[in-house]
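Colleague: In full-length UniProt numbering, the protein residues as written are 1 to 523.
We treat Cβ as the ideally placed atom computed from N, Cα and C, and that holds for glycine.
Below: one structure in structure tokens.
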């Protein structure tokens, strides 16, 4: 605490003044954080003074609050490219990042607990402070100005990523709040860029294999990088008393359908269920699924539907996911794979219609491919279907989604077409992003596989058929992208549909095949 206060005084974060009439001072508190290393050992004990920004008045104490952070898809793409092309990587953390930027409003704060001089004065903030509503926004504006002046260009399709082209090599920076993740095809250029960053900001070097709470495990002999959640999963299991549970091979039982009928209705039952940490567990599962565990995406989304009022059946279901995590804590998403040898890539059951398509090129590390799928009306509460998509770069899964559709599909073909549009939007963004990164994935069409021929036909025909004439216009943009050769939609048999496990629970045999097809490997 003393070192934190000394740093705040050294930077001139505030001056002590009398509180002007008619103004109020916000509070603050101390937070304490343990920093862990790759082996799980505590590396640092950190105390931070945090302003109680929830008491700030909008339009008076703050205005803009938005600040970008690197998208997880972008991060996985960069890690895949780094592994596939043997790029150098680094990570640096800005010390007291929010304290670099000046506050943009007149704001008063009470003196910190334990460091009050007893004069009755308050702190007039001169610099931003953690916890303020606008803290990340003003820091990002300051950081952007510094990086731009150093020759970096901010990407249009991920505003937390910067690139700079130099004679010795290219440098890419991915920003997560105050962490700078750096990539370069030239080790010497990366070293030079990082030294320059340390001159722009007060920074300390961090382990590049420990990012955002997960571990990166490189295999130079295979040219791969694997994302491991082992330590976080162990922490979650221990936190919820499941570290010694009986494991399960699948996260969701395929024969059970969860519904709102399982939610408690009496005040007594509702009160009893509030004692169970259902929401906290679902949140932890969701975070794991977003980082590197697409095998959990359907389970996380399905269970989250009952967050407002979970019942005992839902509680048992969420515990089953923890049992599955206990069995698969060493499951890792492998990036950098050049090819996957997936059966759905080859000429499986090629029809006359598919023979008219252009021949697909051999898979390379920078080739983008997609799969989209949908269940149909499985949810008996609202009968809305679930869309799922998977996108691979080379043989590595870099993007996925499991999302309930916005309206009821009146047929399986309609549900599949809506899922195709959902995936095509993501595919279009991925193409633009890859182009900005210099991959030039937009030079050739992106192949998207669908296991419903009627949906494929609708995507290629600019006419309203009897069963599809009512579909919302937003889904029909995919026709335009097929017509201009942005996408080629190809049929694959259902047994080769990689996105199947993102739309519904699967039997053990099919689920294990689904996990393997995603590039998840148990170590």
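Should residue 503 be labelled buried (16 or more other beta-carbon atoms within 10 Å of its own) or exposed?
Modeller: Here residue 503 corresponds to residue number 503 of the chain shown, with the count starting at 1. Flag for residue 503 reads buried.
Colleague: Do three or more CB pairs link the region 373 to 380 to the region 411 to 425 at distances below 8 Å?
Modeller: With a cut-off of 8 Å, the region 411 to 425 and the region 373 to 380 count as touching, because enough Cβ pairs lie within range.
Colleague: Give, in chain order, every unbroken run of the beta strand (DSSP E) that is at least 3 residues long and sits entirely within the region 389 to 477.
Modeller: Complete beta strand (DSSP E) runs here, min 3: 396 to 404, 446 to 450.
Colleague: State the CB to CB distance for the pair residue 211 and residue 181, rounded to an integer number of angstroms; the pair is presumed to be in contact (CB under 8 Å).
Modeller: In the chain shown, residue 211 corresponds to position 211, counting from 1. In the chain shown, residue 181 corresponds to position 181, counting from 1. Indeed, because the Cβ distance is near 7 Å, the residues count as touching under 8 Å.
Colleague: How close, in whole Å, do the beta carbons of residue 318 and residue 282 come, if the pair is a contact with beta carbons under 8 Å?
Modeller: For the purposes of this step, residue 318 is taken as the residue at position 318 of the chain shown. For the purposes of this step, residue 282 is taken as the residue at position 282 of the chain shown. Indeed, because the Cβ distance is near 6 Å, the residues count as touching under 8 Å.
Colleague: So, is residue 226 buried or exposed, given that buried needs 16 or more other C-beta atoms within 10 angstroms?
Modeller: As a first step, residue 226 is located in the chain shown; it is residue number 226 there, counting from the start. Buried, by the Cβ-count rule.
Colleague: When the Cβ atoms of the region 298 to 305 are set against those of the region 489 to 499, are three or more pairs found closer than 8 Å?
Modeller: Too few Cβ pairs lie closer than 8 Å, so no.
Colleague: In whole angstroms, what separates the C-alpha of residue 270 from that of residue 309?
Modeller: Looking up residue 270 in the chain shown gives position 270. Looking up residue 309 in the chain shown gives position 309. Residue 270 and residue 309: Cα-Cα distance of roughly 7 Å.
Colleague: Over what stretch of residues does the alpha helix (DSSP H) that includes residue 332 continue unbroken?
Modeller: The residue labelled residue 332 in the question sits at position 332 within the chain shown. Residue 332 -> not in any alpha helix (DSSP H); beta strand (DSSP E) instead, spanning 331 to 335.
Colleague: Strictly by DSSP, which residues pair up with residue 217?
Modeller: To locate residue 217, count along the chain shown from 1; it is residue 217. Answer is 226.
Colleague: Under the three-state reduction of DSSP, which class applies to residue 91: helix, strand or coil?
Modeller: For the purposes of this step, residue 91 is taken as residue 91 along the chain shown, with counting starting at 1. In this structure, residue 91 counts as strand in the three-state DSSP scheme.
Colleague: May I ask you to verify whether the region 52 to 71 touches the region 131 to 140, counting CB pairs closer than 8 Å and requiring at least 3?
Modeller: In short, these stretches touch, since the Cβ pair count reaches three.
Colleague: Can you give me the C-alpha to C-alpha distance between residue 390 and residue 154, rounded to a whole angstrom?
Modeller: Residue 390 sits at position 390 when you count from the first residue of the chain shown. Residue 154 sits at position 154 when you count from the first residue of the chain shown. Taking the straight line from one Cα to the other gives about 27 Å.
Colleague: Pull up the distance between the alpha-carbon of residue 255 and that of residue 505, whole angstroms please.
Modeller: Taking the first residue of the chain shown as position 1, residue 255 is located at position 255. Taking the first residue of the chain shown as position 1, residue 505 is located at position 505. C-alpha separation (whole angstroms): 8 Å.
Colleague: Specify, as a first and last residue, the run of the beta strand (DSSP E) that residue 363 falls within.
Modeller: Locating residue 363 in the chain shown gives position 363, where the first residue counts as 1. Counting along the chain, residue 363 falls outside any beta strand (DSSP E), and DSSP gives it neither H nor E.
Colleague: Between the alpha carbons of residue 477 and residue 339, how many angstroms are there, rounded?
Modeller: For the purposes of this step, residue 477 is identified with residue 477 of the chain shown, where counting begins at 1. For the purposes of this step, residue 339 is identified with residue 339 of the chain shown, where counting begins at 1. Taking the straight line joining both Cα atoms gives about 30 Å.
Colleague: Looking at the unbroken beta strand (DSSP E) that takes in residue 371, where does it start and where does it end?
Modeller: For the purposes of this step, residue 371 is identified with residue 371 of the chain shown, where counting begins at 1. Run containing residue 371: 368 to 374, per the beta strand (DSSP E) assignment.
Colleague: Exposed or buried, residue 9, counting other C-beta atoms within 10 Å across all chains shown (16 or more means buried)?
Modeller: Your numbering for residue 9 matches position 9 in the chain shown. Exposed, since its Cβ has fewer than 16 Cβ neighbours within 10 Å.
Colleague: List the endpoints of the continuous alpha helix (DSSP H) containing residue 74.
Modeller: Sequence index remark: in the chain shown, residue 74 carries index 74 (1-based). It spans 72 to 84 - the alpha helix (DSSP H) in which residue 74 sits, taken as one unbroken run.
Colleague: What does a CB cutoff of less than 8 Å around residue 346 pick up in its chain, not counting 5 residues either side in sequence?
Modeller: Here residue 346 refers to the residue found at position 346 of the chain shown. Confidence at residue 346 is low in this model, with a pLDDT of 39, below 50, so the placement of that residue is unreliable and no value is reported for it.
Colleague: Pick helix, strand or coil for residue 144, following the three-state DSSP scheme.
Modeller: Sequence index remark: in the chain shown, residue 144 carries index 144 (1-based). DSSP places residue 144 in helix when its eight states are reduced to three.
Colleague: Should residue 405 and residue 392 be called a contact, given that it needs their Cβ atoms to be closer than 8 Å?
Modeller: For the purposes of this step, residue 405 is taken as residue 405 along the chain shown, with counting starting at 1. For the purposes of this step, residue 392 is taken as residue 392 along the chain shown, with counting starting at 1. For residue 405 and residue 392, no; Cβs fall outside 8 Å.
Colleague: For the beta strand (DSSP E) that residue 176 lies in, which residues bound it at each end?
Modeller: Against the chain shown, residue 176 aligns to sequence position 176. Element bounds for residue 176: 170 to 176.
Colleague: Within its chain, find whatever has a CB closer than 6 Å to the CB of residue 187; leave out the 5 residues flanking it on each side and keep chain order.
Modeller: Along the chain shown, read from residue 1 onward, the residue named residue 187 stands at position 187. The residues are 88.
Colleague: Express the C-alpha separation of residue 259 and residue 428 in angstroms, rounding to a whole number.
Modeller: As a working note, residue 428 is residue 428 in the chain shown. As a working note, residue 259 is residue 259 in the chain shown. Spanning the two alpha carbons is a distance of roughly 35 Å.
Colleague: Just verifying my parser: in three-state terms, what is the DSSP assignment at residue 235?
Modeller: For the purposes of this step, residue 235 is taken as residue 235 along the chain shown, with counting starting at 1. Residue 235: helix per DSSP, three-state reduction.
Colleague: What do you get for residue 201, buried or exposed, if any count of 16 or more other CB atoms within 10 angstroms of its CB means buried?
Modeller: Counting from one through the chain shown, the residue named residue 201 turns up at place 201. Counting Cβ neighbours within 10 Å, residue 201 comes out buried, since at least 16 surround it.
Colleague: Quick one: what's residue 155 bridged to in DSSP?
Modeller: Here residue 155 refers to the residue found at position 155 when the chain shown is read from its first residue. Looking at the DSSP assignment, residue 155 forms no beta bridge with any residue, so it has no partner.
Colleague: I'd like the ranges of any beta strand (DSSP E) spanning at least 3 consecutive residues and lying wholly in the region 174 to 202.
Modeller: The qualifying runs are 179 to 184.
Colleague: Counting Cβ pairs closer than 8 Å, one from the region 19 to 30 and one from the region 105 to 113, do we hit at least three?
Modeller: Yes, the region 19 to 30 touches the region 105 to 113.
Colleague: Compute the Euclidean distance between the alpha carbons of residue 125 and residue 103, then round it to the nearest angstrom.
Modeller: Position 125 of the chain shown, counting from 1, holds the residue named residue 125. Position 103 of the chain shown, counting from 1, holds the residue named residue 103. When rounded, the distance between both Cα atoms is 7 Å.
Colleague: Taking only runs of the alpha helix (DSSP H) that begin and end inside the region 491 to 516, which ones reach a length of at least 4 residues, in chain order?
Modeller: Taking only runs of at least 4 residues, no alpha helix (DSSP H) segment lies wholly in the region 491 to 516.
Colleague: Determine whether the beta carbon atoms of residue 426 and residue 459 lie at a separation below 8 Å.
Modeller: Taking the first residue of the chain shown as 1, we reach residue 426 at position 426. Taking the first residue of the chain shown as 1, we reach residue 459 at position 459. No, they are not a contact pair.
Colleague: For residue 373 and residue 480, I'd like the C-alpha separation in whole angstroms.
Modeller: To locate residue 373, count along the chain shown from 1; it is residue 373. To locate residue 480, count along the chain shown from 1; it is residue 480. So the alpha carbons of these two residues sit roughly 20 Å apart.
Colleague: For residue 381, tell me which candidate among 185, 217, 263, 443 has the shortest Cα-Cα distance.
Modeller: For this step, residue 381 is matched to residue 381 along the chain shown. Ranking 185, 217, 263, 443 by Cα distance to residue 381 puts 263 first.
Colleague: What's the gap between the Cα of residue 42 and the Cα of residue 209?
Modeller: Here residue 42 refers to the residue found at position 42 when the chain shown is read from its first residue. Here residue 209 refers to the residue found at position 209 when the chain shown is read from its first residue. Each residue's alpha carbon lies about 16 Å from the other.
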